[in-house]
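Enquirer:
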Amino acid sequence: MLYSIIVTGGLENIAREELAERFEDTGHLKIIGRKPQRILFQYSGNPRDLLSLRTAEHLFLVIKQLPKMTRSRRSLTALSRSLARFNFGEAFACCRQVGIRVRKRITFRVTSRLAGQRNFRRLDLQRVVERALLERGWHNTGTGAALDVWAEVHGDDGYISIRLSPIEMAQRPYKQAHIPASLKPTLAYSMVRLSQPRPNDVFLDAMCGAGTLLLERAFAGRYRYLIGGDVSTEALAATVANFGRKHQPRQFFHWDAQNLPLQPKTVDKIVCNLPFGETVGNASQLATLYQKCLREYQTVLKPSGKMVLLTSQRTLLDSLLKQQRALKIAQRVTVNVRGKRAWIYVIRNLQHTLRV
Ligand SMILES: C[S@@+](CC[C@H](N)C(=O)[O-])C[C@H]1O[C@@H](n2cnc3c(N)ncnc32)[C@H](O)[C@@H]1O
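For the sequence shown, this note's numbering begins at 3 and goes up steadily by one.
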């Protein structure tokens, strides 16, 4: 069966890696392609397994892939005809495996998305799919329908899919307390992944907000110690609430990340979502904050340690890193954060190589 996962723009490679790492050894997986915000793959195992992917926002069963949709309205007629003949037997079996109840009276709703220049509108696409399914005797009930059918056109590619994931796939049960500008768990997981988690990691997020990065690290496998801190007591309270009693050993601090009460060279991984400047007064205050934090991070990081930092302030971070000979950018990933361009920096500490 052909599936797709939808991911945050910029995280496609990380999602592909997660998919391969989790399922390639099973012999059930064949990755077909990577498109913007989407990974297409065949999987012959139980689709229920795929619901645990931590980078995915949605999981779909692709029932029709139309690789060369033209701009003309005629491509909609072709799409409608193909749905009229489609045998849904296997698709329904797949839906049942993830717990979707497909009864004799089939209820559906259609969600449509259109990107790129076309001689038809998004609503035309939606109506064509709705009509084709109504003609098969299905019932368009809107909210509460058993089947959420997605009709999408991105560039030349058209897809008709059934959403297999519940709406909360990308949410996490641990995230009960929230703060403004809290990270999406899928993005937090991706950052944790880029830090290459190891069982011996002492892991630090010095601006932990609601604790999303720390919790994603906790779920990513064994670690030696988790350390979190924040200047805001509300944020810290959210972290404490989201952790509950689980995930020991860990310690949380009410601190200013510009002055960390930690011993030098004691932390293996620092993963942090730096303030984007929306709440920090002005550009010079933000520059000072970044400069001082970076100095502290470098001090507490072990000589072979690694930082993964998220920022929308690329020019500022680039210029600060240029001044630090011991910090080397190993990777920079452009990512969409709440509709804004941001960058994940993977930074290696080269202190041990420079001191010889
Ligand atoms: C963008 S949020 C981080 C969100 C967090 N990653 C999450 O998912 O919830 C930035 C956090 O940095 C904290 N912060 C800002 N300046 C700080 C400082 N100087 N020291 C420590 N924390 C700071 C804020 O209180 C806020 O909780």
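Even glycine gets a Cβ: it sits at the ideal position worked out from N, Cα and C.
1. Closer than 8 Å is the cut-off here; do at least three beta carbon pairs connect the region 107–117 with the region 193–205?
2. At a Cβ threshold of 8 Å, is P49 touching chain D?
3. Less than 7 Å between the CB of T214 and some heavy atom of ligand 1, yes or no?
4. Mind checking who S6 pairs with in its DSSP beta bridge?
5. By alpha-carbon positions, which one of S46, D232, G139, L311 ends up nearest to A95?
6. Among R56, Y5, L322, which one has its Cα closest to the Cα of K32?
7. Looking only at its own chain, which residues have a Cβ that is under 8 Å from the Cβ of S314, when we skip the five neighbours before and after it?
8. Going by the CB atoms, is the gap between L352 and A328 shorter than 8 Å?
9. Residues in the same chain with beta-carbon distance under 8 Å from H60, minus the five sequence neighbours each way, listed in chain order, please.
10. Look at the alpha carbon of E140 and the alpha carbon of T79, and state the distance between them as a whole number of angstroms.
11. Alpha carbon to alpha carbon, how far is F90 from L216?
12. Taking the beta strand (DSSP E) that Q421 belongs to, which residues open and close that run?
13. Per DSSP, which residues does A344 bridge with? Please list them.
14. Distance check for S84 and I162, CA to CA, integer angstroms please.
15. For R36, name the three-state secondary structure that DSSP assigns.
16. Give the C-beta separation of L127 and V155 to the nearest angstrom, bearing in mind that I take them to be a contact with Cβ-Cβ under 8 Å.
17. How about N351: is its Cβ closer than 7 Å to a heavy atom in ligand 1?
18. Determine the contact status of K177 and A212, defining contact as a CB-CB distance below 8 Å.
19. Tell me whether T291 counts as near ligand 1, meaning its Cβ is closer than 7 Å to at least one heavy atom of that ligand.
20. Helix, strand or coil for K304, going by three-state DSSP, please let me know.
21. What residue range does the beta strand (DSSP E) around G11 cover?
22. Three-state secondary structure (DSSP) at Q253?
Expert: The structure says:
1. no
2. Structure shown: chain D not included; a single protein chain is present.
3. yes
4. L42, F62
5. S46
6. Y5
7. F278, G279, V339, K342, R343, A344, W345
8. yes
9. I7, I8, R165, S167, M171, A172
10. Residue 140 is actually Trp in this sequence, not Glu. Rounded to whole angstroms, W140 to T79 spans 19 Å at the Cα level.
11. 43 Å
12. No answer is possible for residue 421: it lies beyond the span of the chain, which begins at 3 and ends at 358.
13. V337
14. 10 Å
15. strand
16. 6 Å
17. no
18. yes
19. The displayed chain sequence assigns Leu, not Thr, to residue 291. Because some heavy atom of ligand 1 lies under 7 Å away, the Cβ of L291 counts as near it: yes.
20. strand
21. Per DSSP, G11 belongs to no beta strand (DSSP E) and is neither H nor E.
22. strand
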